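Residues 1 to 178 (the UniProt record's numbering) are what the sequence shown spells out, left to right.
The beta carbon of each residue, even a glycine, is placed where N, CA and C say it ideally should be.
Computed from a predicted model, the values in this text were never measured in an experiment.
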Amino acid sequence: MRKALYILGQLNDADVQWLQRHGTRRSLGDGEVIVRAGQPVDAVFISLDGALCVTLGNGTRLAQLGAGEFVGEMSFVDTAPPSATVAALGRASVLEIKRTDLQHRIDEDPGFSSRFYRALAIFLADRLRAANHRLGQGEEGDLRGDAVIEDELDDTVLDTVSQAGERFHRLLAALSGG
Numbered sequence: 001m002r003k004a005l006y007i008l009g010q011l012n013d014a015d016v017q018w019l020q021r022h023g024t025r026r027s028l029g030d031g032e033v034i035v036r037a038g039q040p041v042d043a044v045f046i047s048l049d050g051a052l053c054v055t056l057g058n059g060t061r062l063a064q065l066g067a068g069e070f071v072g073e074m075s076f077v078d079t080a081p082p083s084a085t086v087a088a089l090g091r092a093s094v095l096e097i098k099r100t101d102l103q104h105r106i107d108e109d110p111g112f113s114s115r116f117y118r119a120l121a122i123f124l125a126d127r128l129r130a131a132n133h134r135l136g137q138g139e140e141g142d143l144r145g146d147a148v149i150e151d152e153l154d155d156t157v158l159d160t161v162s163q164a165g166e167r168f169h170r171l172l173a174a175l176s177g178g
């Protein structure tokens, strides 16, 4: 759910309602692929429930994603084909937001555009720091005041965590008809 905290924490309530209205809830069966390595992605996805597995072409498992995770954001930013495949682990559901709809919203609403790209920048910066740490570029146990430790939320996110969680739960309720 960490991605949801970054993304939904930077968006406002109207932005999240737009995602709900323009997205399509999609139920996935076990092994169903939503992103295939090397093939263009025409949407971004928010995992609503269940689990998604991220693997490289050689079968190496990179991650397991749960509810609230965003998928396809990197290919949205730079349009390069994805380097990994994302498939359902068991039954899962996602909110699918078409690239064309999202791009139109970004082009038409500078406020949304600013909030959306800021959220992606914060998330991707955190992902890069975590990857560097895993690769040994960060010192184990570094407790400097400005160091961000893996699984620690920085102040930018902490201020919006509660609001982001509430937005995600409202999104789930609305998509479930409740």
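Thr100: first and last residue of the uninterrupted alpha helix (DSSP H) it sits in: Taking the first residue of the sequence shown as position 1, residue 100 is located at position 100. Arg99 to Glu108 is the span of the alpha helix (DSSP H), which, as asked, contains Thr100.
Notebook entry, point to check: Mind checking Tyr6: buried by the 16 CB within 10 Å criterion, or exposed?
Noted result: Here residue 6 refers to the residue found at position 6 when the sequence shown is read from its first residue. With 16 or more other Cβ atoms within 10 Å, it is buried.
Check your understanding: What separation, rounded to the nearest whole angstrom, lies between the Cα atoms of Asp126 and Ser176?
Key -> Taking the sequence shown and counting its residues from 1, one reaches residue 126 at position 126. Taking the sequence shown and counting its residues from 1, one reaches residue 176 at position 176. For Asp126 and Ser176, the distance between alpha carbons rounds to 31 Å.
Checklist line | Under the three-state DSSP convention, the category Leu11 falls into | finding: By 1-based counting over the sequence shown, the position of residue 11 is 11. Leu11 falls in the coil class under three-state DSSP.
Residue from Arg105, Gly57 and Leu172 whose Cα sits closest to the Cα of Val86: For the purposes of this step, residue 86 is taken as the residue at position 86 of the sequence shown. Out of Arg105, Gly57 and Leu172, Gly57 has the C-alpha closest to the C-alpha of Val86.
CA-CA distance, Leu95 and Gln64?
Taking the sequence shown and counting its residues from 1, one reaches residue 95 at position 95. Taking the sequence shown and counting its residues from 1, one reaches residue 64 at position 64. When rounded, the distance between both Cα atoms is 17 Å.
Practice task
May I have a chain-ordered list of the alpha helix (DSSP H) segments no shorter than 4 residues that lie completely inside the UniProt domain "Cyclic nucleotide-binding" (7-106)?
Solution key: 13-22 and 73-78
Sequence-distant residues of the same chain with beta carbon closer than 7 Å to Arg144, five excluded per side: As a first step, residue 144 is located in the sequence shown; it is residue number 144 there, counting from the start. Note that Arg144 has pLDDT 36, beneath the 50 cutoff, so the model's placement of it is unreliable and no number is given.
Is Gly136 helix, strand or coil when you go by DSSP?
In the sequence shown, residue 136 corresponds to position 136, counting from 1. In the structure shown, Gly136 sits in coil (DSSP, three-state: anything other than H, G, I, E or B).
### Query
Which of the three DSSP states, helix, strand or coil, is assigned to Gly177?
As a position in the sequence shown, residue 177 is number 177, starting the count at 1. Looking at Gly177 - three-state DSSP - the assignment turns out to be coil, as it is neither helix nor strand.
* To do: Would you kindly work out how many angstroms separate the C-alpha atoms of Met74 and Pro82, rounded to a whole number?
  => On the sequence shown, residue 74 is found 74 positions in, with the first residue counted as 1. On the sequence shown, residue 82 is found 82 positions in, with the first residue counted as 1. Straight-line measurement puts the Cα of Pro82 at about 8 Å from the Cα of Met74.
Count the other CB atoms, across all protein chains shown, that sit within 10 Å of the CB of Glu140; report buried if there are 16 or more and exposed otherwise. Taking the sequence shown and counting its residues from 1, one reaches residue 140 at position 140. Interpretation of Glu140 is limited by its pLDDT of 47, a score under 50 that renders its predicted location unreliable; no figure is taken from the coordinates.
| field | Alpha-carbon spacing of residue 179 relative to Gly59, whole angstroms | value | Absent from the structure is residue 179, since the part of the chain shown begins at 1 and ends at 178.
Look at the Cβ atom of Phe45, then the Cβ atom of Gly66, and state whether they are nearer than 8 Å. As a position in the sequence shown, residue 45 is number 45, starting the count at 1. As a position in the sequence shown, residue 66 is number 66, starting the count at 1. Their beta carbons are not under 8 Å apart, which means Phe45 does not touch Gly66 by this criterion.
Between Asp101, Gly31, Ser47 and Asp49, which lies nearest to Thr55 when the distance is taken from Cα to Cα? Numbered from its first residue, the sequence shown carries residue 55 at position 55. Residue Gly31 is the option with its Cα nearest to Thr55.
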